Amino acid sequence: MTAVRVPVRSAGGALADLTPKRNGRDLGWLADARLDALEWVGKHGFPSRKDEDWKYTALDGILAVPFEAAAAGAGPRVTADLINAAAIDLGGPRLVFVNGHFAAEFSRLAGLPTGAVVTTLASVLDASPDQLKPFFEHTPGEHHAFAAFNDVLAEDGAYIHLTQDTIVAQPIQLVFFSDTEGVPLMSSPRSVIVADAGSRATIIETYAGIENDIYFTNVVTEVVLAENAQIDHYKVQDEQTTAFHLALLDVRQARNSRFTSRSVMLGARVARHEIRVLLDGVEAEVSLDGIYLPRGEQVHDNTIFVDHLATNCTSHQLYKGVLDGHGHGVFNGHIMVRHGADGTDANQKNKNLLLSDRAQVDTRPRLEIYTDDVKCTHGAAIGQMDDEALLYLRTRGIPLDAARGLLVYAFVQEMVDRIELEPLRAQLEALVAGRFAQGDSPVSA
Amino acid sequence: MLKITELHASIENTEILRGVNLELKAGEVHAIMGPNGSGKSTLASVLIGRDGYDVSGSVQYEGQDLLALSPEERAAAGVFLAFQHPVEIPGVGNMYFMRTALNSLRRARGLEELDAVDFLSLAQESMKLVEMDQTFMSRSVNEGFSGGEKKRNEILQMAILEPKLAILDETDSGLDIDALRVVASGVNALRSEGRAMLVITHHQRLLDYIVPDYVHVMAAGQIVHSGGKDLALELEANGYAGLTPRSESTAQVGATV
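Sequences listed follow chains V and L, in order.
Count along the first sequence starting at 1, add 69, and that's the number in the working numbering.
Count along the second sequence starting at 1, add 541, and that's the number in the working numbering.
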């Protein structure tokens with residue numbers, strides 16, 4: 070495939086000059102799919118605030134920077150210590166990607182049961198690309214231009230296939246680390262997780278980088294759960310505040326499958342974590358939780374679409390935001406209950422704590438219901454620090470900063486408590502508590 | 542220990558305290574009684590440093606200007622308020638809260654902090670005092686506590702934090718007789734030579750259980766009568782109506798309240 074210049078609608082056309090480094094190595098169908106996606110982006114352009122699903126989040130910054138596609142080969146400054154600091158080593162399988170490309174020297178693939186394939190997308194693209202057909206050959210631009218752009222550029226990421234009844238006891242860690250000194254780089258990680266009937270695994274995605282680097286991570290992760298499969302997914306987004314992070318987590322669930330997502334959003338200048346869940350089989354269950362903690366000039370956008378197609382499915386969402394400085398948070402949650410999806414049990418809740426007069430949150434929980442026999446609730450709340458509680462703590466001798474930290478931490482504590490993996494919970498507790506402990510008093514127990 | 546001189550406090554241009562004078566010595570228990578709106582709770586609020594009041598006058602505490610200190614500095618100096626309406630704080634464990642509080646006080650005083658184990662053994666002694674069991678400690682601070690449980694939790698904090706000056710604001714409100722007995726016996730057990738207490742109450746009933754050394758009557762932002770514990774009984778018999786403010790200025794004010 071040759072470089073194609075794309076006349077994008079928006080002012081920033083820089084992204085359009087990017088082409089995959091796999092030039093020439095893609096099979097016909099894949100090259101075609103990439104071209105279709107590229108043409109789609111050219112025709113429709115990148116989303117702007119005029120688009121309903123993007124109206125709260127300004128993308129001008131991303132489109133203005135002349136990003137280049139990152140090449141393979143670990144960045145010169147990446148060390149095992151940096152990786153371990155970003156993603157505590159849980160001892161199980163761990164795939165580390167630097168600038169979107171697999172870095173074998175930091176990775177470990179031991180300890181997997183037979184029946185579990187854990188490898189890289191790049192190796193599948195080389196060895197048996199046809200397996201990936203369903204993931205690339207969809208309607209071009211089905212989701213939005215950034216996802217389409219991932220179709221164009223994706224070269225690597227994780228490929229996980231759990232065959233029937235395979236249970237991976239140890240969590241599988243996927244670490245995406247950026248090191249882009251000097252040159253603004255864009256990486257396009259693409260991960261595919263296929264869980265056959267009755268299989269089960271826990272997967273943790275972590276995103277981080279090196280201070281002051283300007284980079285853009287444009288992620289697509291696709292998860293397909295067959296009947297009775299269960300995937301517990303964690304995402305820790307701790308990118309640098311000079312970075313941009315856009316992600317799409319696309320989930321399709323068959324009968325009686327279970328998917329949980331726990332998202333912790335800490336970093337990036339502009340971050341958007343979009344989750345789309347298709348409940349396509351009866352009695353499937355999905356539970357999506359997240360915390361987002363924008364401060365300074367950060368923007369944290371959580372966009373969620375849960376599509377109830379089958380009967381007796383359950384979906385839960387609980388998102389909590391703590392917004393400080395000039396931080397901006399978005400909760401844009403949409404539940405669709407299709408005609409015939411009787412017995413649906415769906416709820417979504419969004420709670421926000423504003424710590425500063427300049428912080429902003431846009432919350433938009435939406436229910437769209439086309440059937441009668443459903444149980445659906447939604448709600449949103451925005452509040453400020455409870456002055457009475459603050460005074461109460463101070464009269465007990467707890468200094469102001471520590472008291473504030475304690476109250477903020479208390480607000481998000483229930484989310485952290487939901488993380489069942491002990492070492493990960495402890496790491497996130499320290500990360501989140503560290504963010505709020507401005508005084509010298511310990512916040513964590 | 543505490544010397545309040547001509548203390549005035551107003552909020553949003555409404556004067557609530559209009560020249561309070563009061564002195565407490567270590568070991569003494571003083572009760573302040575008075576009708577609703579007389580300024581009793583405002584006095585407690587000003588003493589612990591609640592925001593929002595314009596304050597003038599002087600409050601000397603152990604030779605320090607109490608009004609110049611932040612709420613946490615007052616706590617470190619040994620001032621404690623048992624709140625009339627203790628705040629619920631979801632997500633903060635009661636045990637963790639109390640340990641953090643005690644360790645904050647200890648750090649401010651240059652003492653070593655207690656670890657969880659040492660704290661627990663200390664807390665257990667105090668819990669017996671107010672008949673609270675371990676389950677209260679693992680719950681969030683005051684969350685879902687009954688009225689009586691909240692008040693017991695206040696006294697528990699007092700027992701653990703060991704203040705020099707304890708102010709009890711309407712500690713009897715909302716308590717049934719059994720809860721009142723538990724709370725009062727907890728308070729009585731904490732009476733000591735080195736500790737002064739200021740018991741604010743609307744009802745004489747509490748003073749049957751916590752017998753004060755002195756009783757003061759507050760009306761329209763001033764202390765209008767002071768006496769021994771018998772004054773409380775007198776009030777019980779005759780009500781506040783028979784009491785008139787002492788000074789002319791207060792009399793004018795009193796007429797408008």
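Just so you know, even glycine gets a beta-carbon here, dropped at the ideal spot from N, CA and C.
It should be emphasised that the depicted structure is a prediction, and the values quoted were computed from it without experimental measurement.
- Only residues of its own chain outside the window of five on either side were considered, and among them ASN562, GLY598 and SER599 have a CB closer than 7 Å to the CB of THR546(L), listed in chain order.
- The Cβ-Cβ distance between GLU296(V) and ARG259(V) does not fall below 9 Å.
- Contact residues of the segment 279-312 of chain V toward chain L are absent (C-beta to C-beta distance below 8 Å).
- Judged by pairs of C-beta atoms under 8 Å, the segment 390-410 of chain V touches the segment 421-431 of chain V, as three or more such pairs exist.
- The residue among HIS213(V), VAL351(V), ALA410(V) and LEU318(V) with its C-alpha nearest the C-alpha of VAL293(V) is LEU318(V).
- By the Cβ-count criterion, HIS408(V) is exposed, with fewer than 16 other Cβ atoms from all chains shown falling within 10 Å of its own Cβ.
- Relative to ASP225(V), the option among VAL289(V), ASP414(V), PRO253(V) and TYR303(V) whose CA is nearest is VAL289(V).
- Where HIS302(V) is concerned, the enclosing beta strand (DSSP E) starts and stops at 299-307.
- In this structure, VAL187(V) is the residue among PHE204(V), GLY359(V), VAL187(V) and PHE285(V) with its C-alpha nearest to the C-alpha of ILE229(V).
- Residues of chain V with a Cβ closer than 7 Å to the Cβ of ALA649(L) are, in chain order, GLY466.
- In this structure, LEU335(V) is the residue among ARG321(V), ILE283(V), GLU280(V) and LEU335(V) with its C-alpha nearest to the C-alpha of VAL305(V).
- Here ALA450(V) is exposed. Its C-beta has fewer than 16 other C-beta atoms within 10 Å.
- Identification of residues in the segment 448-467 of chain V having a C-beta nearer than 8 Å to some C-beta of chain L yields ASP455, ASP456, GLU457, ALA458, LEU460, TYR461, LEU462, ARG463, THR464, ARG465, GLY466 and ILE467, given in sequence order.
- Taking 9 Å as the CB threshold, LEU469(V) lines the interface with chain L.
- Three or more Cβ pairs drawn from the segment 268-279 of chain V and the segment 234-254 of chain V lie within less than 8 Å of each other, which places the two stretches in contact.
- Rounded to whole angstroms, the gap between the alpha carbons of SER257(V) and LEU315(V) is 10 Å.
- With a cut-off of 8 Å on Cβ pairs, the segment 682-701 of chain L is in contact with the segment 614-631 of chain L, counting three or more such pairs.
- Burial is judged here by how many other beta carbons sit within 10 angstroms of a residue's own beta carbon; ARG331(V) has at least 16 and is buried.
- Using a Cβ distance threshold of 9 Å, PHE505(V) and VAL485(V) do not count as a contacting pair.
- As a beta-bridge residue in DSSP terms, LYS544(L) pairs with GLU564(L) and GLN601(L).
- Under DSSP, MET678(L) takes part in no beta bridge, so it has no partner.
- Within the segment 719-736 of chain L, no residue places its CB atom closer than 9 Å to a CB of chain V.
- Straight across, the Cα-Cα distance linking GLU690(L) with ARG435(V) is about 40 Å.
- In terms of beta-carbon proximity, VAL633(L) lines the interface with chain V, with at least one pair separated by less than 9 Å.
- Contact with chain L is absent for PHE166(V), since none of that chain's Cβ atoms lies less than 9 Å from the residue's Cβ.
- Closer than 9 Å to the CB of GLY575(L) there is not a single CB belonging to chain V.
- Per DSSP, MET699(L) lies in no beta strand (DSSP E); the unbroken alpha helix (DSSP H) holding it starts and ends at 688-702.
- The C-beta of THR249(V) has 16 or more other C-beta atoms within 10 Å across all chains shown, which makes the residue buried.
- In the three-state scheme derived from DSSP, where H, G and I count as helix and E and B as strand, HIS212(V) is classed as coil.
- Under the three-state reduction of DSSP, ARG321(V) is assigned to strand.
- For THR446(V), the CB contacts under 7 Å within the same chain, skipping 5 residues up- and downstream, are ASN416 in chain order.
- For ARG615(L), the enclosing alpha helix (DSSP H) begins and ends at 612-617.
- Sequence-distant partners of ILE488(V) (beyond 5 residues in either direction) whose C-beta falls short of 8 Å from its own C-beta, in its chain, are TYR303, ARG331, ARG494 and LEU497.
- DSSP places THR641(L) in the uninterrupted alpha helix (DSSP H) bounded by 635-649.
- Nearest CB-CB separation between PHE480(V) and chain L: below the 9 Å threshold.
- Secondary-structure assignment with DSSP links ARG559(L) through a beta bridge to HIS549(L).
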